[in-house]
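Student: Residue numbers (full-length UniProt numbering): 1 to 188. All C-beta atoms, glycine included, are put in the ideal place defined by N, C-alpha and C. Quick caveat: nothing in here was measured; it's all calculated off a predicted structure. Mind looking over this structure? Questions follow.
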Amino acid sequence: MNNTIIYLIGHYGVGKLTIAKAICAATDARLFDNHLVNNVIFSLLRTDGKTPLPERVWEMIDVIRGQALLAIEELAPRDASYVLTNCLLESDPMDRLIFDKVAGTAERRGSIFVPVFLRASDAAHAERIPSPERAAYLKQTDAEGAEQKRNAHEILRVDHPNRLDLDTTHLPPAEAARLIIEHAERLA
Numbered sequence: 001m002n003n004t005i006i007y008l009i010g011h012y013g014v015g016k017l018t019i020a021k022a023i024c025a026a027t028d029a030r031l032f033d034n035h036l037v038n039n040v041i042f043s044l045l046r047t048d049g050k051t052p053l054p055e056r057v058w059e060m061i062d063v064i065r066g067q068a069l070l071a072i073e074e075l076a077p078r079d080a081s082y083v084l085t086n087c088l089l090e091s092d093p094m095d096r097l098i099f100d101k102v103a104g105t106a107e108r109r110g111s112i113f114v115p116v117f118l119r120a121s122d123a124a125h126a127e128r129i130p131s132p133e134r135a136a137y138l139k140q141t142d143a144e145g146a147e148q149k150r151n152a153h154e155i156l157r158v159d160h161p162n163r164l165d166l167d168t169t170h171l172p173p174a175e176a177a178r179l180i181i182e183h184a185e186r187l188a
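Written out as structure tokens, the structure is:
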């Protein structure tokens, strides 16, 4: 996989980070997990994955994300590939801008852009959300709160010719990674 940006999008607990790590392990892609950005701020606030965050947090995080995307665009080798992760919601206008920034970065780099939308059953979410691994990454660990958010806010609606949709309920991460890599390679 060469000069490709894969963007894994889905609600909390669908397996974005786990699948991203599997893609990176199978290719030479570099991981740019949303918590790499978020945790710069989250760690300073000592978030617990359950308490609501101040709204201003997202403005600060956006500045950090913007600089990281600029580094990918201007400084990174042109043959480098990336796997990005995020929970982007249709109800949040900022999330549409974030998607557009990532797509724009791929376009300006001349990268293949592959938005991948992940979903899972309510049972899979309930099992995955409270995990100790999620807590260690300062991720949402409140299964009830995550379910409420899933039910109240749909994932960003995007119509893109390179889009791939996967249900991760029973799909092992290595298999999801294989399907995504094959999809990206077909686009190349």
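1) What are the boundary residues of the alpha helix (DSSP H) that includes Leu-45?
2) Please report the residue range of the beta strand (DSSP E) in which residue 189 lies.
3) Can you name the residues that DSSP bridges to Pro-115?
4) Within the same chain, show all residues whose beta-carbon is closer than 6 Å to that of Arg-96, passing over the 5 residues directly before and after it, in chain order.
5) Got a sec, what are the start and stop residues for the beta strand (DSSP E) Asp-28 sits in?
6) Should Leu-45 go down as buried or exposed, given a rule of 16 or more other Cβ atoms within 10 Å for buried?
7) Check Asn-86 in the structure and name its three-state DSSP category.
8) Once DSSP output is grouped into helix, strand and coil, what is the label at Asp-92?
9) Count the other CB atoms, across all protein chains shown, that sit within 10 Å of the CB of Leu-84; report buried if there are 16 or more and exposed otherwise.
Tutor: Checking against the coordinates, here is how it stands:
1) Start and end: 34-45.
2) Look at the range of the chain in this structure, 1 to 188, and you will see that residue 189 is not part of it.
3) Note: Pro-115 sits in a beta bridge opposite Tyr-7.
4) So no residue of the chain qualifies.
5) Premise fails: Asp-28 is in no beta strand (DSSP E) and is neither H nor E.
6) It counts as exposed.
7) DSSP places Asn-86 in strand when its eight states are reduced to three.
8) The answer is coil: DSSP assigns Asp-92 none of H, G, I, E or B.
9) With a 10 Å radius around the Cβ and a threshold of 16 neighbouring Cβ atoms, Leu-84 comes out buried.
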